[in-house]
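Okay, structure first, notes after.
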Amino acid sequence: FYIEKPEKLKIGFNHQEGSNVNYRLFSFEIIKNIFENVIYKDYFKINLGIEYAKHNRVLRTGISYKESSFQTSYLSPLTTFSFGTSREINNLIFDIAASYSYQKYKYHDLFPAQDDVRPDFDNVHESSWSLISTISYAF
């Protein structure tokens, strides 16, 4: 069984203002995934992020936009918003983040009614929340 890994082309930049303790970081990245087979199509993913740090506290937020990788017109791009914070106490780093994603797509009607004049595909609006937390120790 073979699963193709795409060739990835990335370009991006980070711009940091301030010192290592108190800073503002702006990040931008474009990723192009290139496939050789006919099942998947080449797609772009664009990431934009901002991070603000003051002493041992960090706030961050970002947005990501990803085109569909399937050869279909039924899937719309996936948009993800994320935000998080971290705090360092001695050598322990506490990190918490959340993300919200949204995608709209068309799905074949599972229970079609006879003589129904509506289209065969239903519009589905799918959203998702994710929460992640980590604790790490710096030696």
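Numbering-wise, my numbering puts 477 at position 57 of the sequence shown, and it's gapless, one number per residue. A virtual CB, placed ideally from N, CA and C, is assigned to each residue, including glycine. Keep in mind it's a predicted model, so treat the numbers as computed, not measured.
- Contact annotation: I516 and G504 have beta-carbon atoms nearer than 8 Å.
- N510 is classed as exposed because its beta carbon has fewer than 16 other beta carbons within 10 Å across all chains shown.
- Per DSSP, the unbroken beta strand (DSSP E) holding E471 starts and ends at 463–474.
- When DSSP reads this structure, K524 sits in a beta bridge with H545.
- Around the beta carbon of K465, 16 or more other beta carbons lie within 10 angstroms, which makes this residue buried.
- Look at S439 here: in three-state DSSP terms it is coil, with no helix or strand label.
- With contact defined as three or more Cβ pairs closer than 8 Å, the segment 482–501 and the segment 529–539 are not in contact.
- Counting only the Cα atoms, L479 lies some 14 Å from Q436.
- It is roughly 21 Å from the alpha-carbon of S547 to the alpha-carbon of S553.
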